[in-house]
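Student: Mind looking over this structure? Questions follow.
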Amino acid sequence: MENYQIIVILLLVLFPATAFLAYLFPKRFEDLLDFFFLVFFTNK
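Quick note: the sequence shown uses the working numbering, first residue 354, plus one each step.
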């Protein structure tokens, strides 16, 4: 499986889940986003 296919599938699965979580917990979601970007950009 190509890398971009995995990324597309992850996005398709994660986007509705994250949108739902953002709707349920807006404040906690902001903290989660900050944490995610921190991890994502430090790993690159």
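Glycine included, each C-beta is placed from N, C-alpha and C at the ideal position.
Could you check where the alpha helix (DSSP H) with residue 378 kicks off and where it finishes?
Tutor: Along the sequence shown, read from residue 1 onward, the residue named residue 378 stands at position 25. Residue 378 -> no alpha helix (DSSP H), and no H or E assigned at all.
Student: Quick one, are the C-beta atoms of residue 385 and residue 374 less than 9 Å apart?
Tutor: Locating residue 385 in the sequence shown gives position 32, counting from the first residue. Locating residue 374 in the sequence shown gives position 21, counting from the first residue. Cβ distance < 9 Å, so residue 385 and residue 374 count as in contact.
Student: Looking only at its own chain, which residues have a Cβ that is under 8 Å from the Cβ of residue 377, when we skip the five neighbours before and after it?
Tutor: On the sequence shown, position 24 is the one that residue 377 refers to. Same-chain partners within the cutoff: there are none.
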